[in-house]
Each structure stands twice: as structure tokens, then as C-alpha cells.
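>
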Amino acid sequence: MSLKVYNTLSRKKEEFIPVIDKKVRMYVCGPTVYNYISIGNARPVIVFNMVRNYLEHTGYNVEFVQNITDIEDKIINKANEEGVDFNDITSKYIQAFLEDLENLEIGRFSAMPKATEMIKDIIEIIQRIIDNGHGYVAGGDVYFDVLKFNNYGKLSGQKKEEMMAQESGQFSKKNNIDFTLWKSAKPGEPSWDSPWGQGRPGWHIECSAMSMKYLDFKLDIHGGGIDLVFPHHENEIAQSEAAFPDKGDFVKYWMHNGMIEVKDEKMSKSKGLKSDWILKNLLKKHSPDVIKIYMLSTHYRSPLEFSAEKLEEARKALEKISNFLRNAEFLSSIENLKPVSSGINELTDIKSDFEPDSPSVKIYEYVKYFKEEFKNAMDDDFNSAKATGILFDFIGNVNSIIQSPEFKITETVARSLKISSGIVLSHLKIFGINLDKSRQSLKAGNDKRISLDDAEILELIEQRLYARKQRDFKKADRIRDRLKSFGVILEDRKEGTIWKREE
RNA sequence: GGCGGCAUAGCCAAGCGGUAAGGCAGAGGUCUGCAAAACCUUUAUCCCCGGUUCGAGUCCGGGUGCCGCCUCCA
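Quick note: the first sequence, position 291, residue 1508 per this note's numbering, numbers continuous.
1) In angstroms with no decimal places, state the Cα-to-Cα distance between Phe1303 and Leu1445.
2) Quick one: is Val1301 buried, meaning 16 or more other Cβ sit within 10 Å of its Cβ, or exposed?
3) So is Glu1708 buried or exposed if we call it buried at 16+ other beta carbons inside 10 Å?
4) Please work out which residues of its chain come closer than 8 Å, Cβ to Cβ, to Asn1540, disregarding the five sequence neighbours upstream and downstream, and give them in chain order.
5) Taking the alpha carbon of Met1335 as the reference point, which residue from Thr1397, Gly1356 and Thr1286 has its own alpha carbon closest?
6) Is the segment 1262-1275 touching the segment 1506-1515 in the sense that three or more CB pairs, one from each, lie closer than 8 Å?
7) Could you give the first and the last residue of the continuous alpha helix (DSSP H) run that contains Asn1498?
8) Whole angstroms is fine: what's the gap from Gly1257's alpha carbon to Thr1714's?
9) Rounded to the nearest angstrom, what separates Asn1452 and Met1429 at their Cα positions?
10) Exposed or buried, which one is Pro1412 when buried takes at least 16 other CB atoms within 10 Å?
11) Give me the Cα-Cα distance between Arg1710 and Tyr1310, rounded to the nearest whole angstrom.
12) Which value, in whole angstroms, describes the spacing of the CA atoms of Trp1471 and Arg1632?
13) Pro1505 and Asn1320: beta carbons closer than 9 Å?
14) Just to confirm, is the Cβ distance from Asp1317 to Ile1254 under 9 Å?
15) Would you say the beta carbon of Pro1235 is closer than 8 Å to some non-hydrogen atom of the ligand NAP?
16) Would you kindly report the start and end of the unbroken beta strand (DSSP E) that includes Gly1454?
17) Output the distance between the C-alpha atoms of Asn1593 and Pro1235, rounded to the nearest integer angstrom.
18) Ordered along the chain, which non-local residues of its own chain (more than five positions away) have a Cβ less than 6 Å from that of Gly1247?
19) Just to confirm, is the Cβ distance from Ala1460 to Ile1292 under 9 Å?
20) Quick check on the DSSP output: what are the complete beta strand (DSSP E) runs of length 3 or more inside the segment 1273-1352, in order along the chain?
21) So, using beta-carbon positions, are Leu1496 and Leu1634 closer together than 9 Å?
22) Can you tell me whether DSSP reads Arg1228 as helix, strand or coil?
Given below as C-alpha cells:
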């Protein structure tokens, strides 16, 4: 089965075939930097990071550009409110956004252009639009002449006649559906020189300029929130295709993520941002992995409800996965078994005991099935929700083997468990989730609560095991309580004791 | 009013014509010195009404209820 992508343009799932073989060029609309980003703004970031990861996982070379809108009326308003220069606002929130990306552990972008760095390119495109007869100057502003662009409405399904009937303000443009390409500056507003006087770019034009500059015309994927379909993306198409009428479609696949909702409220920055929705604050309480599993447990196009309880549920779900990984890794690295080489994630060799119902053969079947079904789910328009279900199925299946009373660890089984944990880890990485043990310890090391290092913990566990052998359970429990006070949880198995750090 | 989307168990959520994945929560059980973790068992006929079909959450028509967008900063 090949990858299918839901294209907003056709309102259908289409087979994904990039313009250039083996290469994908994608562009996603980034934030306007006039406030901290909310959990709602984090959805496209997490979703399209997953999209990028999956495309790379399937063998594509991906170029991924995300813009930063650093000149816009909301920014100017905020600067006026606070009585500061607009640069003070944007530099503060750009910095905050970059920190959020870092803390969310989002992969690198090929480029992150800012609108104010694109003025020259923006002016060139506007000039082209005017030269091609699709733009006009009126009262110092430049407008796009919507009636002259035949395909207007092809993305959003809006009809020009319907829109013409809308209430109109007092503007110098010819028709009320025309939109601004270049906006003249009022006194005191930030502005740049242009052939049409001092002013700034309209809201939509920067994305056209940036995507063309960094990725060329006819992008493979252009993404963003569903609320951007109209007018933002509709206008981008009009501008871009009017500027370059011979180049065909501006974008091949339009992808839009659903909104995050809070009960009875719209999570919109412009209507007041509650501190509970600010990503920065959420990241103080939850790991980026929790936020990612929360979001990716729902299909990216569905609406998603946000609440503290939802994040708590996601935390528990993620814990189930890390418990599995810990158990599997513990069992596959038990001493006096021949060490299993760390690089294994292939299935060869696992069937060396041919008993049809032997644990390793069963695990072999589960791994094989998991890989296939995970791929099928993701190939179906990046259905990470379904893929998550398949992951839990797999974990449950392997758990039922390793927790059964008859279970006995052997070299072959150890090998199959090593492969199991490797498969789970590598597939979680598609979601941007990294549960690698070494990294978890490193993170815990940074946590001030924990003042025991691994060696000290192991020493205490040894002491407790000795006490248990002597059937001195009081002492054993004392040690366990002591470890608990340092945030270390023990699990006794017949093969030995496993420990983990509290989340 | 226009365009688009959604409605599945207590909560969240897959499902794209063949007889309801998964997570969280609840109940009972197993393992354990006790715990922890995990496993087993248990909890739905899919908003309503018509229609197509041998067969429909799944397709079509009509309701009802939610949600997003409908641009110049409000």
C-alpha cells in the first residue's frame, strides 16, 4: 500500500506522488509573534513534525520550511498598547517560540524565514502581480483584483458572488473581496520603502514569497491549521498563481490540521490567551512526549479537546509504553545470557527455535504484524491515532507472553525482546517521541529532586535483595521506601528487580 | 445567510459496505512476603427519520445538535 494524503484542494485522499522523485518540499505556516504560543499553535508544529518524520522514515528526502510572521497588525497593536517598538515585541516572542520548539524537541527546519527579511522578494512578487494585471494601486495601498483571477475559491469553495454580497467597509479598493498586498503606513508605524510608498506587506504575501524562495514553485505540501483555509491560503494561491501564470499549481497537496478546543471556548490568541493554554506553562508540568502522544492519539484532521485531564491520561498511556520498554530491555539484558548486539532491529535469526508456539516465534509474528499494520495506518493519511492503537496491541501481546507464569528467558527470546523494544522505540521516533533509556536517565539527572545516581540505586537494590533473601521484609520495605522518597520505583520479577524513576 | 467539518461505551478515540481497534476510568480475578508492573475476565449496535443493498457507524436524502471560516484589526 502506498501513502495517501487528504488534499483539501480536492477534498479527497490522493496517492502521494511528490513533484520531484524521492524528494518532498513542504511549507507550514508558523506563528505571528505577538504572544507566547498556545497548545493550539503547537498542534501544527507536532503534526507536521510527525508528517516530516514519517516521510523521511519511508525514504524521502524532506525539505521543511516554516515561516515566522514578524510584521502584522496584531503586532503593531500590541506594541502600541505596551508603548514599545514593534521589534521589542517580535524579538521577545520569536525567542520564546524558538525555546518552545527546543523544549518540545521538534526537528530542525531547513529554513525559518521572517517576513521582515523578505521585503525585497515580496515587493518583486507584488510588482509581477501588478504587471500581470491582477493588482492595482489605490490610495497608497496595493490590492489584489480578485474578480480577474478565475480560479479564486478553488481551495475554500467560496463563491465570489456570495462574498461580493458581504458587508463592506470604507476602503479605496474596487471590490470588497479584493485583499491587500501592500499596506501604506500610518505615521509612526513600522514601514519599508516600496515603489508605492512607505508601507508593509499584506498578511498573505509573505508565505508566497518565502515558499517560492526557499522551495520553488509547486510545493509538494503546504500545511497549516484549518482556520487558515480562507482567506489566508486561498489568497496565497491567487497571488502566487497570478504572479507566475505559466507555472501551474502553486501547491500540489494542501494539508490542514483540526483545531484544539476547550469546552465552550475558542482557543484563540486574539481573544485572550489563558495561562493554562500557554505551551510554555504546560511544558513545565509535562514532558514533550506526553504532549505529543496526547495530540497524535487523535487523527490530525479531527478536532481535539484540550484539558488537564486529557494530558494526565496521555501521561499514563505513555507510562504504559515506557514500562513495557523497561521490562523488555531488562529481560533482554539479563546477565549470563550471551549479550545481544545492540544494533539489531531486523527479524532475521529470531526464528531459530522452530517450536510453533515458542515465545520467540510468537514475538516474531507480533513484530512482523506490528510493522505492517503501523505502516498501513500511517500510509492512510498519517493516521497516527490508529497507529497508536496498533502499538498498544503489540505491547499487550508481548506483555502477555513475558508476564505468563511459564515464561522463561532464553537467548532467543532475549533477542526477540531486544528487537521488540527497538521496534517500538524507532516507531515512536516517527511521532517525535524519544523514550531511549540513556536519554531518560540524562533527563532525570537534571531533575533536582533526584539526588541518587544509578550506582547508588543499584547498591540499595542489592542490599534489599539480600534482606529479602533473609526474609527480613521490614528492612527490605525500608529500603524500598527510601528509594521511593528519591522518586525511584521498584518492580520485583523472578528474574530480578527492575527500577524506574518517577515521572 | 454562504462554504466546510463533526456526532461511536462513563470520558477520549479508531473504523471508509461484511457483522464495533486502542487509551483512560470502573468491577472481579491471577501473580507478589507486601507492593509495583503486567496479564485474564467484564462494560456499545454507533444523534433521529427515511432510502439503496443479500448486508450500513460505514453510501444517498431529510432532520437535530455542536464546531471552524466568511478578510482590513473589530
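Think of the CB as a built atom: it goes at the ideal place given N, C-alpha and C, for glycine as much as any other residue.
So, from the listed chains and residues:
1) To locate residue 1303, count along the first sequence from 1; it is residue 86. To locate residue 1445, count along the first sequence from 1; it is residue 228. If you take the alpha carbons of Phe1303 and Leu1445, they lie about 24 Å apart.
2) Along the first sequence, one-based indexing puts residue 1301 at 84. Classification of Val1301: exposed, given that the 10 Å Cβ count is below 16.
3) Taking the first sequence and counting its residues from 1, one reaches residue 1708 at position 491. Per the 10 Å Cβ criterion, exposed.
4) Taking the first sequence and counting its residues from 1, the one referred to as residue 1540 is at position 323. Lys1717, listed in sequence order.
5) Position 118 of the first sequence holds residue 1335. It is Thr1286 whose Cα lies nearest to the Cα of Met1335.
6) yes
7) For the purposes of this step, residue 1498 is taken as residue 281 along the first sequence, with counting starting at 1. From DSSP, the alpha helix (DSSP H) with Asn1498 extends over Leu1496 to Lys1502.
8) Along the first sequence, read from residue 1 onward, the residue named residue 1257 stands at position 40. Along the first sequence, read from residue 1 onward, the residue named residue 1714 stands at position 497. Cα to Cα, the separation comes out at about 42 Å.
9) Along the first sequence, read from residue 1 onward, the residue named residue 1452 stands at position 235. Along the first sequence, read from residue 1 onward, the residue named residue 1429 stands at position 212. Their Cα atoms are separated by approximately 15 Å.
10) Taking the first sequence and counting its residues from 1, one reaches residue 1412 at position 195. It counts as exposed.
11) For the purposes of this step, residue 1710 is identified with residue 493 of the first sequence, where counting begins at 1. For the purposes of this step, residue 1310 is identified with residue 93 of the first sequence, where counting begins at 1. Taking the straight line joining both Cα atoms gives about 50 Å.
12) Within the first sequence, the letter at position 254 stands for residue 1471. Within the first sequence, the letter at position 415 stands for residue 1632. So the two alpha carbons sit approximately 43 Å from each other.
13) In the first sequence, counting from the first residue as 1, residue 1505 sits at position 288. In the first sequence, counting from the first residue as 1, residue 1320 sits at position 103. Yes, the pair counts as a contact, with Cβ atoms nearer than the cut-off.
14) Residue mapping note: residue 1317 aligns to position 100 of the first sequence, counting from 1. Residue mapping note: residue 1254 aligns to position 37 of the first sequence, counting from 1. The answer is yes: Cβ separation under 9 Å.
15) The model depicted lacks the ligand NAP and carries no ligand whatsoever.
16) The sequence position of residue 1454 within the first sequence is 237, counting from 1. The amino acid at residue 1454 is misidentified as Gly; the sequence shows Ile. No beta strand (DSSP E) contains Ile1454, which is instead part of the alpha helix (DSSP H) from Glu1451 to Ala1460.
17) As a working note, residue 1593 is residue 376 in the first sequence. As a working note, residue 1235 is residue 18 in the first sequence. C-alpha separation (whole angstroms): 19 Å.
18) Walking along the first sequence from the start, residue 1247 turns up at place 30. If we look at Gly1247 and ignore the five residues flanking it on each side, its Cβ neighbours are Gln1283, Asn1284 and Ile1285.
19) Taking the first sequence and counting its residues from 1, one reaches residue 1460 at position 243. Taking the first sequence and counting its residues from 1, one reaches residue 1292 at position 75. Result no, Cβ atoms of Ala1460 and Ile1292 do not sit closer than 9 Å.
20) 1278-1283
21) For this step, residue 1496 is matched to residue 279 along the first sequence. For this step, residue 1634 is matched to residue 417 along the first sequence. No; because the gap between Cβ atoms is not below 9 Å, this pair is not in contact.
22) Walking along the first sequence from the start, residue 1228 turns up at place 11. In this structure, Arg1228 counts as coil in the three-state DSSP scheme.
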